[in-house]
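What follows is one structure encoded as structure tokens, with my remarks underneath.
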Amino acid sequence: LLALLKPGGRLGAIVGDEPVMRASIITREGDAAFRTTQPWDTIAPRLRNFPETPRFRF
Numbered sequence: 201l202l203a204l205l206k207p208g209g210r211l212g213a214i215v216g217d218e219p220v221m222r223a224s225i226i227t228r229e230g231d232a233a234f235r236t237t238q239p240w241d242t243i244a245p246r247l248r249n250f251p252e253t254p255r256f257r258f
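Written out as structure tokens, the structure is:
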């Protein structure tokens, strides 16, 4: 998705696993430059049809 952003374009996402999730805003600043800000912590439910990542098992 980042490759589809035009200069000045923004992408918002919630990144992480419970209980630590961050709202992230990625801004394209040039042909190959991106800036990421994480303005707040949050908790959001997993999107439907997105598989849960496997957890470590011994």
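For the sequence shown, the residue numbers in the working numbering are 201 to 258.
All C-beta atoms in this analysis are idealised placements derived from N, C-alpha and C, irrespective of residue type, glycine included.
None of these values were measured; they are calculated from a predicted model.
Whose C-beta lies closer than 8 Å to the C-beta of residue i among residues of the same chain, with five residues either side of it excluded?
i, result
"Arg246", "Glu252"
"Pro219", "Ile243"
"Ile214", "Met221, Arg222, Ala223, Ser224, Thr242 and Ala244"
Let me make sure I understand the geometry here. Which of the options has the alpha-carbon closest to that of residue i?
i, options, result
"Leu202", "Pro254, Ala244, Thr242 and Ala233", "Ala233"
"Ile225", "Leu205, Pro219 and Arg248", "Leu205"
"Met221", "Arg255, Arg210, Gly230 and Gln238", "Gln238"
Could you tell me whether the Cβ atoms of residue i and residue j are closer together than 9 Å?
i, j, result
"Pro207", "Arg235", "no"
May I ask you to list the residues that DSSP assigns as paired with residue i?
i, result
"Asp217", "Val220"
"Phe258", "Phe258 pairs with nothing; no bridge assigned."
"Asp241", "Arg222"
Excluding five sequence neighbours on each side, which residues of the same chain lie with their C-beta closer than 6 Å to the C-beta of residue i?
i, result
"Trp240", "Ala223"
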